[in-house]
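Asker: In our numbering, the protein residues as written are 164 to 399.
Beta carbons: idealized from backbone N, C-alpha and C, even for Gly.
As the structure is a prediction and not an experimental result, all values here were calculated from the model.
1. With three or more beta-carbon pairs closer than 8 Å as the criterion, would you say the region 280-293 touches the region 232-250?
2. Which one of 374, 296, 306 has the shortest CA to CA distance from residue 329?
3. Are the region 200-209 and the region 358-367 touching by the rule of at least three beta carbon pairs closer than 8 Å?
4. On the DSSP letters alone, give me the boundaries of the beta strand (DSSP E) that residue 251 sits inside.
5. Mind reading off the beta-carbon distance from residue 371 to residue 273? Whole number of angstroms is fine, and I expect it under 8 Å.
6. CA-CA distance, residue 303 and residue 312?
7. Looking at the strands, I want to know which residues DSSP matches up with residue 343.
8. Here's a check: name, in chain order, each residue in its chain whose Cβ is nearer than 6 Å to the Cβ of residue 265, leaving out the five neighbours to either side.
9. Going by CA-CA distance only, name the one from 398, 214, 253 that's closest to residue 357.
10. Using three-state DSSP, classify residue 306 as helix, strand or coil.
11. Output the distance between the C-alpha atoms of residue 341 and residue 246, rounded to the nearest integer angstrom.
12. In the DSSP assignment, find the beta strand (DSSP E) that holds residue 215 and state where it starts and stops.
13. Residue range of the beta strand (DSSP E) that residue 264 falls in?
14. Judging by CA-CA distance, which residue of 243, 277, 382 is the nearest neighbour of residue 336?
15. Helix or strand or just coil, what does DSSP make of residue 241?
16. I'd like to know whether the C-beta atoms of residue 286 and residue 231 end up nearer to each other than 9 Å.
17. Less than 9 Å between the beta carbons of residue 275 and residue 398, yes or no?
18. In whole angstroms, what separates the C-alpha of residue 350 from that of residue 309?
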């Protein structure tokens with residue numbers, strides 16, 4: 164199962180909050196001035212996480228690059244006890260393994276679609292090591308093309324057209340820094356953080372966002388890397 168996940172983070176040395184200060188440069192959106200951290204127009208929407216997954220493709224069906232599946236939602240299966248991933252099955256596709264995908268959108272009431280809705284799902288998953296992978300996915304309304312949710316395990320700004328995703332910089336202190344992530348859309352800004360949903364009201368409607376950026380300063384473990392993850396969900 165290929166899954167992009169916002170995994171829980173352990174407390175780390177020199178975390179921005181523990182440092183008692185956040186450098187303005189660490190939170191700037193690309194076009195922001197260095198006068199201070201960005202404003203936050205969003206409100207707290209509770210704890211939660213987001214992720215996307217797909218069943219392993221059959222060898223004959225495996226294709227490089229992004230894949231797209233479309234169809235009406237045939238079923239939305241709640242996560243089994245002790246797990247987090249909802250299974251969504253679309254009707255009208257030819258290969259059974261390709262008509263299912265899984266979502267971790269918790270709490271589950273934030274799902275922006277229901278059974279019977281027509282969806283177009285574009286995704287691409289990447290392996291980053293033994294047993295480790297992440298996915299980028301966009302789910303749209305099949306009729307209107309409107310974005311319903313974006314789950315970006317790679318953190319690439321290109322995952323979210325119409326949004327400006329911040330580029331946090333590490334603090335000066337050595338170590339790992341888990342930093343809030345500024346996200347701007349339609350002139351409104353949310354400062355997202357790991358494991359927390361923020362609600363952002365914009366001229367084109369309300370959104371729920373979560374995300375964060377991990378940056379290292381100085382010496383790091385061999386497997387450590389800088390990375391960003393985020394999710395954007397149309398609020399219903």
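Answerer: Concretely, from the data shown:
1. yes
2. 374
3. yes
4. 249-253
5. 6 Å
6. 7 Å
7. None; residue 343 has no bridge partner.
8. 216, 248, 250
9. 214
10. coil
11. 25 Å
12. 213-217
13. 263-268
14. 382
15. coil
16. yes
17. yes
18. 19 Å
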